[in-house]
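Below is one structure, written out as structure tokens; comments come after it.
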Amino acid sequence: MLKKNNQPQSISELIQKEKIQEGQLPPTLSYTLQEFEDCSDLTHRSFPQKKVDILYFGNLVDKDQLERDVFQAVIYTNMDTQTALSQSQFIKVVDSKECIHGILAGGAAVFYEEQAYMIEIAAPPSRAITPSQADPVITGPHEGFTEEASTNLSLIRKRLQSSHLKVIKLHVGEITKNDVYVLYIKDIVRMEFVEDMKQRIMDIEMDAVFDTNMLLQLVEDDVASIFPQYLTTERPDAIASKLVAGKVIVLMAGSPTAFCAPSTFFEFFTSSDDYYQRWLIGTSTRLLRFIALIITISFTALYVSITTFHYEMIPESLLLTLSESRSRVPFPPLIEALLMEATIELLREAGAQLPTKIGQTIGIVGGIVIGQAAVQAGLTSKILIIAVASSAIASFVIPSYEMSASLRVLRFGFILIAAIYGNLGLALGLVAVVIHMCGLTSLRSSYLTGIAPLKPKDWKDIFIRAPFSMLRTRPSQSKSTNNVSNKMKR
Amino acid sequence: MRENLSAFHVTILIFMIQFGVVLFNLSQIEAYYFGMNGWLILFVVFAIVTLNILLIGIVYRLGNGRSIFEIFEEALPSIIRIPLYIFLTSLWGLLGSLLGKQYVLIFQMIAFPTSSTMLIKLLIDLLGFYLVSKGIYTISKASSIFFWLVIWTAILFLFLMKEFEFVRLTPFIFREHKDYLEGFFYVYPAFLGFEFSLLLFPYVNKKSKLIKSTFLGNLLLTIVYLIISIFSFGFFGYHLLKELQFPMIELFACIQLPFIERMENIIYGFFLCTTIITLVFYFWSAKEALSRVFPKVKQNTLGIMIIAITYLISFCAQVLNDVETWLRYLGYLEIGVAVGLPLILIMILLLQRKRGGIIDK
């Protein structure tokens, strides 16, 4: 190897090497074949009588289009090859990198003499548009994003027929080279947000990024935080509404999820359904979710705190029932609570991993049988079962899966600190969480916008879903230069 | 672009710095020192505090919103300045630390009497440091959230309305009072905290309406104190009230809901939110003053130094009585600072103006 390296290189070899380094090497068949060496899924069709070679990945191209636009148009025709290749579907390429990228993207490369042409005939396998599993709604559109970025973009364009909707294409992953699309509406969005997001995506230097959920972790403001900082969704209508609200949207090829930035903590408690139902129903549901937030975090922790330290807080009538129920339990409340919380989490995870029908059965059987058996066996009290089940159900009321999961983890922290310092511990935990959230930002914009900094005009779309006639401005967090979104007279 | 504190945030911040655990025995102090309808003294204190805020307003106007430290640095030699900064750091650091300890000791009267006071205080101080390290804007944002987390407890008084009787207020004013001056020096510290608007000069602009916001913060505090005091007088009556150590805790203990009662410890827990803002602001102010003495030392290092040293000093005050005695004397000094600091600054600024050092913007 050493000897080979020491051999003097010819001038042409040196020039070629330099060109490769600069990425300016003209596309040649031999170089392209060398690049795809050992790629058994690459199809190489050679037609010596026409002096034509065609390279493509058989499983990435549309077979009919290949037959019609390449073979029929170039090979099985009486036309002169050079004339055939001057048809509009063929694009001449001058850079080998471009040629290789085109083949990888599902195109076919046609080599004729010293020239190379690309034709876009990509038809990678993709699934049909189906309702989103992650963001189901009762009313409103049911279309969800797919893994195909072009489909997703078309779903958004279909809803926002405006030339102001801009799409910036970027790439992430040194090996995967995934396409990432940054979307915004010109004249509504604050361009600092777009530039910041673009820069963050361009700064990613990782071999592979497979999904939007992975990407967003790479562009978060605080990676150590327990809270998700960007709202994700699989719904094109939700994305369209966020774009109109002046947010920046990021989509990625190969992922059915899009995320919007910046996001506030309160956005994670909203759902498209709120807007499709009448405002009073939407408001009630939204308030219910905030009650669910309190229940998720505090119910089990309060049980532990009260039964460990503050029995005096329970009214006499309830105290008898609780004491009777607790009297058979041999563990301290913390162990009892952790046991049940862990069981609930196991059931939830099992339900999520198994096919839907089996998952449902596991949930019902597990919930009823284990809960009942645990009480009868004296491992836990009935009231704890109610507390744990209520807080688990409440966590599922929160529409964002990421936020719901974060709150469930946070709940364990509250349980532990409640077991150490009771209600004082809960207060300490609450203060710590609030301080953390106050310092948190989403795309350098306060995570708690609406309350801190206080923006009362946002409240009508944070805590309630006011009638549309009252929702006249875009959210403060967007800092939009064009703030009015509704000019209706009534 | 530098962020500025909004008028609302200044109002809430000042309110939250002023508002603290003194609330729990304020009505008892009023009853003990000022006798029947002692809550009327709040109007007098409010008026004096307003005058004090006006002094701060004069400093703000004369100094064109410059930082008070800059004013000192232009006028005073380091031999006077550095001891002054060290004095302010020590005073504010100790006040912050002891307020935290007072909160813990009062909590231990309700629950966890055998737990280590200093361990709980350590947790509170760590949270304090966490917030101090995040800077003034996060402190202001946190104060807004904590404001909502505390203010809702006022709704709970509705459950006690049926026990309130106007006849318990009596028609007498200040009958059976004790020493007015001593009483005044007990009540005035309950309003302390407004003087920190002096340190907010560099963080506000004209839109923040600093002096108006400080006044509104103080007004809000006075209204809250008035409601609670009048309610306490009407609930307990003067004679019982002056005998109770912490009437507010007793009030909360009387609330009974179908699923929960004796809520004083959970409500008192919520008051950690206001205590933490008060002590954090004392620590932050101490750190600001010390950073002028050691400009090259990192802000977080100074913050942790102040909190650690004052934590160790707070070991000396072992029981609630000790802490309250320390707080009383430190409170006297802080009253001096609240009045004296603006007066000194006004003198400096007038002298500078006389010499033509300041040009009005």
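Protein sequence lines correspond, in order, to chains P and R. Note that the numbering used here has the first sequence beginning at 421, numbered continuously upward. Note that the numbering used here has the second sequence beginning at 907, numbered continuously upward. C-beta: ideal position from N, C-alpha, C; glycine also. From a predicted model like this one, the values you see are computed outputs, not experimental measurements.
Buried or exposed: where does residue i fall if 16 or more other Cβ atoms within 10 Å of its Cβ makes it buried?
| i | result |
| --- | --- |
| Ala953 of chain R | exposed |
| Met942 of chain R | buried |
| Tyr1109 of chain R | buried |
| Gln502 of chain P | exposed |
| Val1038 of chain R | buried |
| Gln427 of chain P | Only weak support is given to the placement of Gln427 of chain P: the predicted model assigns it a pLDDT of 47, under 50, and the question is left unresolved by the model. |
| Ala772 of chain P | exposed |
| Phe816 of chain P | exposed |
| His1145 of chain R | exposed |
| Ser900 of chain P | buried |
| Ser450 of chain P | exposed |
| Gly1246 of chain R | exposed |
| Ala797 of chain P | exposed |
| Leu1218 of chain R | exposed |
| Thr720 of chain P | buried |
| Pro983 of chain R | exposed |
| Asn425 of chain P | Its pLDDT being 43, under 50, Asn425 of chain P is placed unreliably in this model, and the coordinates cannot settle the point. |
| Asn931 of chain R | buried |
| Thr632 of chain P | buried |
| Glu487 of chain P | exposed |
| Pro753 of chain P | buried |
| Ser737 of chain P | exposed |
| Trp1272 of chain R | Past the edges of chain R, shown from 907 to 1267, lies residue 1272 of chain R, and the structure says nothing about it. |
Would a C-beta distance cut-off of 8 Å place residue i and residue j closer than the cut-off?
| i | j | result |
| --- | --- | --- |
| Cys1268 of chain R | Leu1055 of chain R | Because residue 1268 of chain R is not part of the residues shown, which for chain R are 907 to 1267, the question remains open. |
| His464 of chain P | Asp473 of chain P | yes |
| Leu1004 of chain R | Leu1239 of chain R | no |
| Val600 of chain P | Leu635 of chain P | yes |
| Thr1216 of chain R | Gly999 of chain R | yes |
| Ser367 of chain P | Ser745 of chain P | Lying outside 421 to 910, the shown extent of chain P, residue 367 of chain P is not represented and no answer is given. |
| Leu700 of chain P | Ile605 of chain P | no |
| Leu919 of chain R | Val1229 of chain R | no |
| Gln1258 of chain R | Ala981 of chain R | yes |
| Glu455 of chain P | Ile520 of chain P | yes |
| Leu830 of chain P | Ile646 of chain P | yes |
| Ser1049 of chain R | Met922 of chain R | yes |
Residues of chain C with a CB under 7 Å from the CB of residue i: which are they?
| i | result |
| --- | --- |
| Phe510 of chain P | Of the chains in the structure shown, none is chain C; the protein chains are P and R. |
Using CA atoms only, rank isn't needed, just tell me which of the options is closest to residue i.
| i | options | result |
| --- | --- | --- |
| Leu961 of chain R | R:Lys1260, R:Ile1252, R:Glu1149 | R:Ile1252 |
| Phe925 of chain R | R:Pro989, R:Phe1177, R:Ser1220 | R:Phe1177 |
| Lys880 of chain P | P:Leu462, P:Arg579, P:Phe686, P:Glu567 | P:Phe686 |
| Asp482 of chain P | P:Phe467, P:Ala812, P:Pro544 | P:Pro544 |
| Ile1026 of chain R | R:Gln1008, R:Val950, R:Trp1190 | R:Gln1008 |
| Met1015 of chain R | R:Gly1175, R:Gly1099, R:Ala1244 | R:Gly1175 |
| Ala809 of chain P | P:Ile778, P:Ile790, P:His591, P:Pro551 | P:Ile790 |
| Thr1020 of chain R | P:Leu863, P:Ser583, P:Phe729, P:Gly787 | P:Phe729 |
| Lys1047 of chain R | R:Asn910, R:Met1211, R:Leu1001 | R:Asn910 |
| Glu1082 of chain R | R:Phe940, R:Trp1190, R:Ile1129 | R:Phe940 |
| Met857 of chain P | P:Phe491, P:Thr684, P:Ile711 | P:Thr684 |
Determine which residues share a DSSP beta bridge with residue i and list them.
| i | result |
| --- | --- |
| Ile588 of chain P | P:Val602 |
| Phe467 of chain P | P:Val472 |
| Cys680 of chain P | P:Leu651, P:Ile669 |
| Tyr537 of chain P | P:Lys512, P:Val530 |
| Ser1114 of chain R | Answer is none; Ser1114 of chain R lacks a bridge partner. |
| Gly870 of chain P | P:Leu874 |
| Ser865 of chain P | P:Ser862 |
| Glu732 of chain P | In DSSP, Glu732 of chain P forms no bridge with anything. |
| Glu1167 of chain R | R:Gln1162 |
| Thr716 of chain P | Thr716 of chain P pairs with nothing; no bridge assigned. |
| Ala542 of chain P | P:Val481 |
_Contact between the segment 868-879 of chain P and the segment 893-909 of chain P (3+ Cβ pairs under 8 Å)_ = Segments in contact, yes.
*Mind the definition here: the segment 693-706 of chain P touches the segment 1124-1134 of chain R only if three or more C-beta pairs lie below 8 Å; say whether that holds.*
no
_Three or more C-beta pairs below 8 Å linking the segment 1113-1121 of chain R and the segment 1129-1138 of chain R_ = no
*asked:* Between the segment 619-633 of chain P and the segment 653-660 of chain P, can you find at least three pairs of beta-carbon atoms closer than 8 Å?
replied: no
*Quick one: any contact between the segment 1019-1036 of chain R and the segment 841-856 of chain P, if contact means 3 or more CB pairs under 8 Å?*
yes
*Take every Cβ of the segment 708-719 of chain P, pair it with every Cβ of the segment 739-755 of chain P, and state whether three or more of those distances are shorter than 8 Å.*
no
*Given 8 Å as the limit, is there contact between the segment 673-690 of chain P and the segment 562-580 of chain P, that is, 3 or more CB pairs closer than that?*
yes
_Inter-stretch contact (C-beta, 8 Å, three-pair minimum) for the segment 549-565 of chain P and the segment 518-529 of chain P_ = Put simply, the segment 549-565 of chain P does not touch the segment 518-529 of chain P. Fewer than three CB pairs are less than 8 Å apart.
_Stretch-stretch touch, CB-based, cutoff 8 Å, three pairs: the segment 824-844 of chain P with the segment 612-619 of chain P_ = Inter-segment contact for the segment 824-844 of chain P and the segment 612-619 of chain P is absent: fewer than three beta-carbon pairs are separated by less than 8 Å.
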